[in-house]
Amino acid sequence: MRLNTLDATLIASDMLTPNTAQLVLRVPGHQFDFEPGHHVGVAYESDEDGIVHKPYSPVSLPGTDTITLMVKRYDDGTCSVWLHERALGDTIPLTDPRGNLQLHDTDRDAVFLATGTGLTPMMSMLQAYRQHGKGRAVLVYGERSLNHLAYRNVLDMWTSSSERIDVAYVLSEPESAEERAGWTESQRAATGAPAVRHGHVQEHLDDLLDSDLRENAHFFACGVPQMVVDTEELLTDAMDIDPDRIFTEGWESGA
Numbered sequence: 001m002r003l004n005t006l007d008a009t010l011i012a013s014d015m016l017t018p019n020t021a022q023l024v025l026r027v028p029g030h031q032f033d034f035e036p037g038h039h040v041g042v043a044y045e046s047d048e049d050g051i052v053h054k055p056y057s058p059v060s061l062p063g064t065d066t067i068t069l070m071v072k073r074y075d076d077g078t079c080s081v082w083l084h085e086r087a088l089g090d091t092i093p094l095t096d097p098r099g100n101l102q103l104h105d106t107d108r109d110a111v112f113l114a115t116g117t118g119l120t121p122m123m124s125m126l127q128a129y130r131q132h133g134k135g136r137a138v139l140v141y142g143e144r145s146l147n148h149l150a151y152r153n154v155l156d157m158w159t160s161s162s163e164r165i166d167v168a169y170v171l172s173e174p175e176s177a178e179e180r181a182g183w184t185e186s187q188r189a190a191t192g193a194p195a196v197r198h199g200h201v202q203e204h205l206d207d208l209l210d211s212d213l214r215e216n217a218h219f220f221a222c223g224v225p226q227m228v229v230d231t232e233e234l235l236t237d238a239m240d241i242d243p244d245r246i247f248t249e250g251w252e253s254g255a
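In terms of full-length UniProt numbering, the sequence shown opens at residue 1 and continues consecutively.
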């Protein structure tokens, strides 16, 4: 299948974490049209495979001539390294947006479960939820340490400024004594900051999901394939949640 390609110009680049960058791309005269949660393809020329298309989910909303991507650099990566090395003014070819993750009913409660770069589709869906949603939105975001949490200030602000949005961080490799101690729910209530837990996202769902969420919410999971697979099994088998209320990219089942 032939993919349409659009040449975008890099107009801003900022480091969010030690290995994660935010890239803002612009196509003058073009209006990006996509469903929050979908991904675009970055057309990258590989020495071994020729032109390949790597998916990146915008963290921004549609409707303007710019699109914002979050890109984590992997030392053994190809496209991620190439993107991190781009200079302002460089051209980055993009292909049409597509994907399986998107909001289906903003009046319904939603639970977003993410690890690593799986946060990216959740950011645009959460923004859409902030603008149009009428239910609760809960994000459970797993990373190695606080230092590796992308958009932490933004997420903290969303939590403190809205009674409908809750965020919990789950750290698999906490680096400091403060991180290892974590934030309890009582500390969270006193400060307004998201709770900080240890381990893996799927290990905390039993505590974080109340009966209303289990009975009514839509669930979105993206990130490390094993987390997605384990989460689907936990939600359906242990919590008896209808699989039709669980949404993933769909390629993680081989984990």
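Glycine residues also receive a C-beta, built at the ideal position from the N, C-alpha and C atoms.
Start-to-end residues for the alpha helix (DSSP H) that takes in residue i
i    : result
H132 : L119 to H132
V81  : C79 to H84
Assumed close pair residue i, residue j - CB separation to whole angstroms, cut-off 8 Å
i    : j    : result
V167 : L139 : 5 Å
T78  : A43  : T78 to A43, Cβ: 13 Å. No contact.
T66  : R26  : 5 Å
L94  : A8   : 5 Å
E232 : G99  : Not really, about 17 Å apart at Cβ, beyond 8 Å.
F34  : P97  : 4 Å
F32  : F112 : So it is not a contact: roughly 22 Å between Cβ atoms.
Q22  : M70  : 6 Å
A150 : A217 : Wrong, their Cβ atoms sit about 24 Å apart, outside the cutoff.
N19  : R73  : 5 Å
Coarse secondary structure for residue i, derived from DSSP in three states
i    : result
S186 : Summary for S186: the model assigns pLDDT 49, below 50, so the residue's position carries little reliability; its value from the coordinates is reported in the next sentence. DSSP places S186 in helix when its eight states are reduced to three.
M227 : helix
S211 : helix
H53  : strand
L171 : strand
S145 : coil
S60  : coil
Beta-bridge pairing of residue i - partner residues as DSSP gives them
i           : result
T68         : V24
Y151        : Paired residues: none, contrary to the question.
G41         : P55 and T95
I165        : A137
V111        : V138 and F219
F247        : F220
residue 256 : Beyond the ends of the chain as shown, which are 1 and 255, falls residue 256; an answer cannot be given.
Boundaries of the beta strand (DSSP E) in which residue i is found, first to last residue
i    : result
A30  : Inspection of the sequence shows that residue 30 is occupied by His rather than by Ala. First-last for H30: undefined, no H or E at that position.
R197 : A195 to H198
L16  : T5 to T17
Near the ligand COA: residue i beta-carbon under 8 Å from a heavy atom
i    : result
G133 : As far as ligands go, the structure on display features none, and thus does not contain the ligand COA.
Q: Would you check if the stretch 47 to 57 and the stretch 12 to 21 touch, i.e. whether three or more CB-CB distances between them fall below 8 Å?
A: no
Q.
Does the contact criterion of 3 or more C-beta pairs under 8 Å hold for the stretch 213 to 230 versus the stretch 100 to 118?
A. yes
Q. For the stretch 54 to 65 against the stretch 124 to 144, are there 3 or more C-beta pairs whose distance is under 8 Å?
A. yes
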